[in-house]
Amino acid sequence: MAVLKSALLAIIFSGCSSVGYLAEQGVEQWRLFNRARPADEVLLSPLTPPRVKEAIRSVREAKRFAVEELGLRATSSYETWVDLGREFVVWTVAGSDSLLLEERTWRFPIVGRVPYLGFFRREKAETEATRLREEEGLDSFVRGVPAFSSLGWFPDPIYSSFLRGSERDLVELVIHESLHSTVWVGDSVDFNEKLAHFVGKEGSIRFVASRRGGGEPLKRARTEVETQEKFARFVQEMGARYRREVEPLARAGRRAEALERKRSFYESLPAEWERRGGGALKSDFGRWNNAALLAYEKYFSDAGVLEGLLKKCGGDLARFVRLIVREREKGGVFGEAPERRLAELGECG
């Protein structure tokens with residue numbers, strides 16, 4: 048999957064009741080910072096693989112584009128390189144009711160309430176996922192993510208996990224994380240992720256068009272985005288289907304029937320995805336459960352309000368970003384219900 052996770056500031060600014068969690072994640076983050084090498088040094092080294100050099104240059108170009116063309120916040124991030132020696136930088140753990148699509152959440156300072164915990168070691172994430180299942184009776188889902196944002200509090204490195212996927216994926220990641228550093232609404236993770244995903248996707252297409260020209264690069268980029276959008280529709284429809292087919296049984300106290308319907312629902316997903324054309328985007332449907340479905344819904348939720356607002360802005364993504372920043376700075380209703388506030392705007396401004 049080319050889905051890229053965002054803010055994991057909870058690792059650093061944790062209000063978690065477990066002091067051990069805070070201390071352990073803080074130590075792991077510090078170790079990564081200590082391993083960081085200046086990006087210029089990596090570029091000059093004859094030992095650096097060409098693919099790594101290309102990625103660093105692409106990240107820098109994407110960062111300049113995000114700041115100069117989209118108006119995102121300039122930060123000191125992406126000036127260092129960390130070779131992780133593994134596929135992902137962190138693993139997130141999400142939890143959900145075993146029959147209802149109701150997520151488990153945790154509250155932290157700065158970021159507010161979040162629907163996941165982050166770990167720098169996979170085995171720790173798996174242990175927490177097991178605890179959620181066995182002690183709290185929840186569905187749980189562990190997912191590796193290649194990037195996270197410190198929301199501008201610290202200079203984020205370029206991690207070797209950035210190299211997964213195409214250049215457009217990489218550009219989307221940089222814009223996505225830069226958006227988090229520019230706009231973050233506490234207690235609104237769903238909105239934050241929807242907004243970052245939308246701006247990252249739209250920005251990546253504009254980057255390819257302006258920096259790589261038309262023709263084949265732009266065609267490939269658009270095909271990637273179209274596949275993402277197809278998967279987004281699939282996730283939205285499957286979430287709605289689950290709420291129609293399984294949740295009414297659970298709410299009526301018909302637990303055995305609900306469990307059986309849930310089992311058949313998740314077993315049907317691979318064939319349903321292939322029936323819709325599938326495409327290059329694959330997912331490990333065998334691991335899906337309620338926690339997984341909710342996690343994917345966050346990144347692939349309906350962006351109709353944002354699409355409508357971009358149209359009001361004449362398709363000008365920089366103008367769109369300026370409007371979002373301005374509304375965020377007002378606080379008030381926007382901070383309580385950002386998407387509703389944006390839907391109420393009569394014009395781009």
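Residue numbers (my numbering): 48 to 396. Think of the CB as a built atom: it goes at the ideal place given N, C-alpha and C, for glycine as much as any other residue.
N-terminal and C-terminal residue of the beta strand (DSSP E) that T139 is part of: Numbered from 1 along the sequence shown, position 92 holds the residue referred to as residue 139. Per DSSP, T139 belongs to the beta strand (DSSP E) from 137 to 143.
Endpoints, the alpha helix (DSSP H) within which S228 is located: Mapped onto the sequence shown, residue 228 falls at position 181. It spans 214 to 229 - the alpha helix (DSSP H) in which S228 sits, taken as one unbroken run.
L117 and I222 closer than 8 angstroms at C-beta: Reading the sequence shown from its first residue, position 70 is the one you call residue 117. Reading the sequence shown from its first residue, position 175 is the one you call residue 222. Yes, the Cβ-Cβ distance between L117 and I222 is below 8 angstroms.
C-alpha gap between L164 and R280, whole angstroms: Taking the sequence shown and counting its residues from 1, the one referred to as residue 164 is at position 117. Taking the sequence shown and counting its residues from 1, the one referred to as residue 280 is at position 233. Going from the Cα of L164 to the Cα of R280 covers about 27 angstroms.
Unbroken alpha helix (DSSP H) run spanning R288, endpoints: Translated into positions along the sequence shown, residue 288 becomes position 241. 263 to 292 is the span of the alpha helix (DSSP H), which, as asked, contains R288.
Sub-8 angstroms separation of V230 and L220 beta-carbons: By 1-based counting over the sequence shown, the position of residue 230 is 183. By 1-based counting over the sequence shown, the position of residue 220 is 173. No; because the gap between Cβ atoms is not below 8 angstroms, this pair is not in contact.
Distance between R334 and E276 (C-alpha atoms, nearest Å): For the purposes of this step, residue 276 is taken as residue 229 along the sequence shown, with counting starting at 1. For the purposes of this step, residue 334 is taken as residue 287 along the sequence shown, with counting starting at 1. Rounded to whole angstroms, E276 to R334 spans 22 angstroms at the Cα level.
Buried versus exposed, by CB contacts within 10 Å (16 or more), G247: Walking along the sequence shown from the start, residue 247 turns up at place 200. Classification for G247: buried.
For F167 and E271, believed in contact at Cβ under 8 angstroms, the rounded distance: Mapped onto the sequence shown, residue 271 falls at position 224. Mapped onto the sequence shown, residue 167 falls at position 120. Not confirmed; about 29 angstroms, so no contact.
Nearest-angstrom beta carbon gap, E173 and V192 [assumed within contact, 8 angstroms]: Here residue 192 corresponds to residue number 145 of the sequence shown, with the count starting at 1. Here residue 173 corresponds to residue number 126 of the sequence shown, with the count starting at 1. Their Cβ separation, rounded to whole angstroms, is 15 angstroms, which puts V192 and E173 out of contact at 8 angstroms.
Local Cβ density within 10 Å of W200, reported as buried at 16 or more and exposed below that: Looking up residue 200 in the sequence shown gives position 153. Exposed, by the Cβ-count rule.
Simplified DSSP assignment, three categories, for G324: Stepping through the sequence shown from its first residue, residue 324 is reached at position 277. DSSP places G324 in coil when its eight states are reduced to three.
Limits of the unbroken alpha helix (DSSP H) element including T174: Here residue 174 refers to the residue found at position 127 when the sequence shown is read from its first residue. Here the alpha helix (DSSP H) through T174 covers 169 to 183.
Sub-8 angstroms separation of S124 and D203 beta-carbons: Indexing the sequence shown from 1 puts residue 124 at position 77. Indexing the sequence shown from 1 puts residue 203 at position 156. In contact: S124 and D203 (Cβ atoms closer than 8 angstroms).
Every unbroken beta strand (DSSP E) inside the segment 74 to 110 [3 residues or more]: none
Of the listed residues S92, T274, R387, nearest to R323 (C-alpha basis): To locate residue 323, count along the sequence shown from 1; it is residue 276. Here the closest residue by C-alpha is T274.
Under the three-state DSSP convention, the category R388 falls into: One-based indexing of the sequence shown puts residue 388 at position 341. Three-state DSSP puts R388 in a helix.
Buried versus exposed, by CB contacts within 10 Å (16 or more), P85: By 1-based counting over the sequence shown, the position of residue 85 is 38. Counting Cβ neighbours within 10 Å, P85 comes out exposed, since fewer than 16 surround it.
Inter-residue Cα distance where the pair is A256 and E108: Walking along the sequence shown from the start, residue 256 turns up at place 209. Walking along the sequence shown from the start, residue 108 turns up at place 61. For A256 and E108, the distance between alpha carbons rounds to 14 angstroms.
A141, buried or exposed, once every other Cβ within 10 Å from all chains shown has been counted against 16: Reading the sequence shown from its first residue, position 94 is the one you call residue 141. Its Cβ being crowded by 16 or more others within 10 Å, A141 is buried.
Span of the beta strand (DSSP E), counted from its first residue to its last, around D186: As a first step, residue 186 must be located in the sequence shown, where it is residue number 139. Element bounds for D186: 186 to 192.
Residues near L146 by beta carbon distance below 6 angstroms, same chain, minus five either side: Position 99 of the sequence shown holds residue 146. Contacts found: A297, A305.
Endpoints, alpha helix (DSSP H) assigned at V372: Walking along the sequence shown from the start, residue 372 turns up at place 325. V372 -> alpha helix (DSSP H) spans 364 to 377.
Rounded separation between D130 and E391 - CA only: Locating residue 130 in the sequence shown gives position 83, where the first residue counts as 1. Locating residue 391 in the sequence shown gives position 344, where the first residue counts as 1. Taking the straight line from one Cα to the other gives about 45 angstroms.
Beta-carbon proximity of F367 to F254, cut-off 8 angstroms: Mapped onto the sequence shown, residue 367 falls at position 320. Mapped onto the sequence shown, residue 254 falls at position 207. Not closer than 8 angstroms, so no.
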